[in-house]
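S.K.: Read in order, the letters of the sequence shown correspond to residues 92 to 340 in the working numbering. Each residue gets a CB set at the ideal place from its N, CA and C atoms; glycine is no exception. Small disclaimer: the values here were computed from a predicted structure and weren't measured. Before we start, here is the structure in question, set down as structure tokens.
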Amino acid sequence: MTRREVIEILDGKHGQIGRSVALILHGLILLSALAIALETVAGMPAALYRILFWFEVLVLAIFVTEYVLRLACSKHPLRYMFSFWGIIDLLSCLPAVALLQSKWQVVRTIRLIRMVRLLKLFRTTTAFDRLTRAFIEVRGELIIFVVLALLVLYVSAVGIYLFEHEAQPEAFASIPISLWWAVASFTTVGYGDLVPITTGGRIFTTFVLFIGLGVVAVPAAIVTAALLETQSAPKPLKKKHTDSANEPN
């Protein structure tokens, strides 16, 4: 078996074998996410915890093996290692160090990064290509909107601080704390005890909540319009060869 065939199998592009391998890897990712959730449940039998531990060992062994195979079979190992997918694959293996050193258990928390690997399912679909083109075409508008949104967030934090600090010195003790209120108000309907009680603060909050609707609606509308345009006039996506998995021998 050539190195090209190994890469194609790992990418799920080598006939039935490739599809089966891809299905197994993606299934392991989902099962791993479920196992992470179960590990946080208190009061389970000790035997179940042991099963979850050895399942994690198995999953890590499989992903480490896959990463080593990709490095060994890539035409440009360093290019793959520092590519987006190469970094994601490496982070999927990194929790293995927690099995060797108990004091590094915090490293295990990055296991959920494996979920990003599920995006590989969409790399070859035209729908994902259209969505990518849509974001590329409106990236300038989105950047401008993000800058404006950050500016409005800061102005909102300063405004609510001026209205509420004197009435609630503990709740709105500083502009950074008020900034957290602004973020929560833009995305939800407030946060905990950070509630305005003055007339000016409540009126100001009303305006902030309406602006918050635009923070969500405007970017969605921009991307939707771009997506509709790409659907009506599809263009071939120029893919950069940043992942050496696409350049095996």
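Assess, as a yes-or-no matter, whether the region 283–293 is touched by the region 229–236 under the definition of 3 or more beta carbon pairs within less than 8 Å.
M.R.: The region 229–236 vs the region 283–293: no contact.
S.K.: Buried or exposed: alanine 218, going by 16 or more other Cβ atoms within 10 Å of its Cβ?
M.R.: What you label residue 218 is simply residue 127 of the sequence shown in a count that begins at 1. By the neighbour-count rule (16 or more Cβ atoms within 10 Å), alanine 218 is not buried but exposed.
S.K.: The ligand SAM heavy atoms versus the CB of alanine 137: any closer than 7 Å?
M.R.: Among the ligands in the structure shown, none appear at all, so the ligand SAM cannot be discussed.
S.K.: With DSSP run on the structure shown, which of helix, strand or coil describes leucine 121?
M.R.: In the sequence shown, the residue the question calls residue 121 occupies position 30. Reduced to three states, the DSSP call for leucine 121 is helix.
S.K.: Can you tell me which of the three DSSP states leucine 185 falls into?
M.R.: Translated into the one-based positions of the sequence shown, residue 185 becomes position 94. Coil at leucine 185, not helix or strand.
S.K.: Considering Cα atoms alone, identify which of His117, Ile234, Val306 is closest to valine 243.
M.R.: Position 152 of the sequence shown, counting from 1, holds the residue named residue 243. Among His117, Ile234, Val306, the Cα nearest to that of valine 243 belongs to Val306.
S.K.: Is the beta carbon of valine 112 sitting closer than 8 Å to the one on cysteine 164?
M.R.: For the purposes of this step, residue 112 is taken as residue 21 along the sequence shown, with counting starting at 1. For the purposes of this step, residue 164 is taken as residue 73 along the sequence shown, with counting starting at 1. Not a contact, by the Cβ cut-off of 8 Å.
S.K.: Closest by CA to glycine 250, which one among Ile235, Leu222, Thr289?
M.R.: If you number the sequence shown from 1, residue 250 lands on position 159. Considering only alpha carbons, the answer is Thr289.
S.K.: I think valine 299 touches serine 265, with their Cβ atoms under 8 Å apart; what is that distance to the nearest whole Å?
M.R.: Here the question's residue 299 lines up with position 208 in the sequence shown. Here the question's residue 265 lines up with position 174 in the sequence shown. Rounded, the Cβ-Cβ distance is 18 Å, inconsistent with contact.
S.K.: So does the region 166–186 actually touch the region 103–112, counting three or more Cβ pairs closer than 8 Å?
M.R.: Too few Cβ pairs lie closer than 8 Å, so no.
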